[in-house]
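Position in the sequence shown (from 1) plus 75 gives the number in my numbering.
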Amino acid sequence: MNIYLFIFSLLLLLSYPKDLKQFFYPTVIILFLFSSFRGIEVDRDHANYIELITLASNNLSYPIEPGFKILSFISVNIFGGYFFVFLAFAFISIYYKAKAIRLISPYPMLSLLLLFSNVYLLHDFTQIRAAAAGAISCYALTHLIKDNKNKFLLYIVFASIFHYSALVFLIALLFKKNNISLLFIIMYLLSLSGCYLLYYLNINLLNIINFINIPYIKNKYLEYAMSVFTDEYVKVNVYSFVQLSHIFISLFLLLSSYRIKFDASELILLKLYSLAPICLVLFSFVPAFSLRMSELFSILEILILPFFVRMIKQKFCMKTFIVLVATAMIYIHLFHVNLLNQYNMNF
């Protein structure tokens, strides 16, 4: 695990206490190469993706997103292997996340630290389709913030060809950018409380999907639902450190909106980010779906958390808090859930 900790330490030095923005792009290149050239034994899903690449490249009707099919076909039939797929997904994911960070985050190196400690290890190593879709969706939000809804829609559709879950970001069109009303906060608290109540009453709202007569959606739901009967099934912990931190951050920022004036980008991102803890509880009866939805919205923490520093006068203390959060996240991924194995390169 030394290489992961080395990169984390490097990012820490470049972001704390001073944000050394001049190292942003060299660091982005390092992250791109690090995920692109990882070996087959580094993460749990690498071998599964190689099998998917083979299936998708030889069968155009294989039920998977078109972006993955196209890249798999090019990789196998033109380059004669599977490496191009991992290279392409790593490039898409890192490129669009980096663009979003530079456009929105007040502290880009701090955002990279947060990215590496959580989203990068989780998505760019084990969920490459979701990583690409989430990255493009983050960038799409920069256009919505500027009131360019057509470009926003275009990029969300682009993101969905890599993972259909990106379409959930369309909910951002319903959010107002000018303020966070008291009604929104009350509705949020009621929704979050209601989700926990449904959890205790053992009521699964996802059963509604059984009545949707769209084969792909029903089959995908059944695929997620059947995972609860496998040996790999792990019940969702709705009181985990990650979940509680998402709730705390969401409530803190929502309530702070009455004291501190947020700009349009902060308001849109905050409202979307606040959906992460709701999704985790609401869909907890189907863990794979619950985690996927929650993780998709929580990607925005790489942009949300640096806002803390801008809000508080004691910036050093706030940066220290964020560094502690990042440290806790990388500890959880590497040593608590053992997300990744020892790093090796694919040549």
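No residue lacks a Cβ here, since even glycine has one placed at the ideal position from N, Cα and C.
* Using the C-alpha atoms, what's the distance from Q97 back to D338? -> Going by the C-alpha atoms only, they are around 25 Å apart.
* Express the C-alpha separation of L229 and I115 in angstroms, rounding to a whole number. => Distance between the alpha carbons of I115 and L229: 34 Å.
* Asked: When you compare only the Cα positions, how much space is there between A208 and A247?
  -> Whole-angstrom Cα-Cα distance: 16 Å.
* Hey, K346 and F244: beta-carbon distance below 9 Å or not? -> Not in contact: K346 and F244 (Cβ atoms no closer than 9 Å).
* Does DSSP put I276 in a helix, a strand or coil? -> Correcting the residue identity first, residue 276 is Leu in this sequence and not Ile. The DSSP-derived three-state label of L276 is coil.
* Asked: What is the DSSP secondary structure of L415, reduced to helix, strand or coil?
  -> In this structure, L415 counts as strand in the three-state DSSP scheme.
* For M426, which beta-bridge partners are listed by DSSP? -> In the structure displayed, the chain extends from 76 to 422; residue 426 sits before or after that span and is not available.
* Asked: When the Cα atoms are used, what is the spatial distance from F99 to N277?
  -> For F99 and N277, the gap between their C-alpha atoms comes out near 46 Å.
* Asked: Among all the DSSP beta bridges, which residues are the ones paired with D94?
  -> D94 pairs with nothing; no bridge assigned.
* Asked: Taking the DSSP output, what are the residues bridged to D118?
  -> Answer is L415, bridged to D118.
* Asked: Helix, strand or coil: which one does DSSP assign to Y170?
  -> Y170: helix per DSSP, three-state reduction.
* **Top-ranked residue by Cα proximity to V232, from L355, L85, P141** => Ranked by how close their Cα comes to the Cα of V232, the residues L355, L85, P141 have P141 in first place.
* Asked: Closest by CA to V412, which one among Y157, V384, N312, S256?
  -> For V412, the closest C-alpha among the options Y157, V384, N312, S256 is that of N312.
* **Run of the alpha helix (DSSP H) containing P183, from where it starts to where it stops** => Counting along the chain, the unbroken alpha helix (DSSP H) around P183 starts and ends at 183-189.
* Asked: In chain order, what residues of the same chain lie with their CB nearer than 7 Å to the CB of L219, ignoring the 5 residues before and after it?
  -> Taken in chain order, the residues that qualify are F227, A247, I343.
* Asked: Would you call the CB atoms of L167 and I125 closer than 9 Å?
  -> The sequence as given places Ile at residue 167; Leu does not occur at that position. Not a contact, by the Cβ cut-off of 9 Å.
* Could you tell me how far apart the beta carbons of S132 and N152 are, in whole angstroms, since I believe they sit closer than 8 Å? => Right, the Cβ-Cβ distance comes to about 6 Å (below 8 Å), so this counts as a contact.
* Three-state secondary structure (DSSP) at K394? -> Helix.
* N- and C-terminal bounds of the alpha helix (DSSP H) containing M76 -> In this chain, M76 is not harboured by any alpha helix (DSSP H), its DSSP state being neither H nor E.
* Asked: What whole-angstrom Cβ distance do S186 and I377 have, given they're in contact under 8 Å?
  -> About 5 Å separates the CB atoms of S186 and I377; that is less than 8 Å, so the two are in contact.
* Asked: Straight-line CA distance for S268 to Y275?
  -> Each residue's alpha carbon lies about 11 Å from the other.
* K336, DSSP secondary structure in three states -> In this structure, K336 counts as coil in the three-state DSSP scheme.
* P352 (DSSP reduced to helix, strand or coil) -> If DSSP states are grouped into helix, strand and coil, P352 belongs with the helices.
* So V313 is in the alpha helix (DSSP H); what residue range does that whole segment cover? -> Following the DSSP letters along the chain, one finds V313 in no alpha helix (DSSP H), marked with neither H nor E.
* Can you tell me whether DSSP reads G142 as helix, strand or coil? -> For G142, the secondary structure class from DSSP, reduced to helix, strand or coil, is helix.
* What do you reckon, is the C-beta of L95 under 8 Å from a heavy atom of the ligand HEM? -> This structure simply doesn't include the ligand HEM, nor any ligand for that matter.
* Asked: Starting from I377 and walking both ways along the alpha helix (DSSP H), at which residues does that stretch end?
  -> First-last of the alpha helix (DSSP H) with I377: 376-379.
* Helix, strand or coil: how does DSSP classify N134 here? -> Of the three classes helix, strand and coil, the one that applies to N134 here is coil, per DSSP.
* Backbone CA spacing between S150 and F143 [nearest angstrom] -> Rounded to whole angstroms, S150 to F143 spans 10 Å at the Cα level.
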